Amino acid sequence: MARSALFRGSALLALLATAIAVPAPQLPETAPPQTTVFVEAPPPPPVVPHHNVTEHGPYTGPSPTTTGALHTVVLAPSIEPKPAPPEAYAYPADGKLHADQPMPFMPAGGRGTNGTEPVYRVQSDFDYQSLALALYHEWIELDLFHWGLATFSDDEWEAHGIDAEERNLIRHMADQEIGHATVLSNMLGPQAPKQCTYNYPVSNVAEYVDFNQKLTRWSEAGVYGFLGHLDSQPAATLLLQSITVEAR
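As numbered in mature numbering (1 follows the signal peptide of the UniProt record, and there is no 0), residues -21 to -1, 1 to 227 make up the sequence shown, in order.
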């Protein structure tokens, strides 16, 4: 027993020696105190005034003409086609870099890539009239989507296989038009076009859906057509975002 106790004592001493040899854990350095600053987000821009469904009725204005269109001095009856300028073929498209890079991994060139703050407003007559046309599109779609939901009964919708969930999608698309009309109005300024009153050539759900498809197609196609010609590329970017959401 005494010998066994002696061995146990020796083992304990060995463990103690090992424990003493282990360096004490190093406490991490205390980080300097930091101050968290909360910055309130700027308030969202006000939504443009609108009505979900305008007052509909027969047209009582003057006969529509093109003579009342805005105009200045007209330089020619049409724009003559011209050959491309020589510099359009000057860039050596060989896959190599041909100019100093403004920053790492950033090739030279491009529009709106030099760090200048973008300005989201129209910059020319072409810009203004193009965005005004797009805003007219948004106004009529806002009214048309809500008008169909308010005009046709649930039974009429159901008879054409359009249930409540799908009608909610139409309502959602209508509400999206409020945001689209707001961003266009803000880029156009205080003289931006306002809502009109509309008459639609439909008498049932099938005609309504068909008319919606035709209206939205030429609206989207028109915007895609003039986007690349806008002088204001920041405005074109916002309009592209809105029209792709709408197309989806």
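Ideal placement from N, C-alpha and C gives every residue a C-beta, glycine not left out.
Quick caveat: nothing in here was measured; it's all calculated off a predicted structure.
Annotation: the continuous alpha helix (DSSP H) that includes E135 extends over 133 to 138. Nearest Cα to T223 within the set P97, E156, V52: E156. Between the alpha carbons of G89 and P81 lies a distance of about 11 Å. Going by C-alpha positions, V202 is about 35 Å away from E19. Beyond the five residues adjoining it in sequence on each side, H159 comes within less than 6 Å, by CB distance, of E117, S221 in the same chain, given in chain order.
The C-alpha of R150 is placed about 14 Å away from the C-alpha of H30. Taken in chain order, the whole alpha helix (DSSP H) runs of length 4 or more contained in the segment 106 to 174 are 133 to 138, 143 to 167. Nearest to F124 by alpha-carbon distance, out of E225, P21, N93, is E225. Ranked by Cα distance from T130, the first of T216, N147, V32 is V32. Counting C-beta pairs closer than 8 Å gives three or more between the segment 90 to 107 and the segment 199 to 217, which meets the contact rule. Sorting G127, L167, A113 by C-alpha distance to the C-alpha of W197 places A113 at the top.
Burial is judged here by how many other beta carbons sit within 10 angstroms of a residue's own beta carbon; V52 has fewer than 16 and is exposed. Of all alpha-carbon atoms in N178, S57, P41, the one lying nearest the alpha-carbon of E120 is that of N178.
In this structure, the CA atom of A48 is about 17 Å from the CA atom of C175.
For the 8 Å CB-CB criterion, A111 and A171 form a contact. Annotation for Y187: the continuous alpha helix (DSSP H) segment containing it runs 184 to 206. Note on T92: under 16 other CB atoms within 10 angstroms of its CB, so exposed under the neighbour-count rule. In this structure, the straight-line span from the alpha carbon of A185 to that of D154 is close to 22 Å. A Cβ-Cβ separation of about 6 Å places L217 in contact with V162 under the 8 Å criterion.
With a threshold of 16 other beta carbon atoms within 10 Å, Y70 falls short and is exposed. For L217, the enclosing alpha helix (DSSP H) stretches over residues 212 to 226. One thing to note: Y115 has its Cβ no nearer than 8 Å to the Cβ of L167.
With fewer than 16 neighbouring CB atoms inside 10 Å of its own CB, G140 falls in the exposed class.
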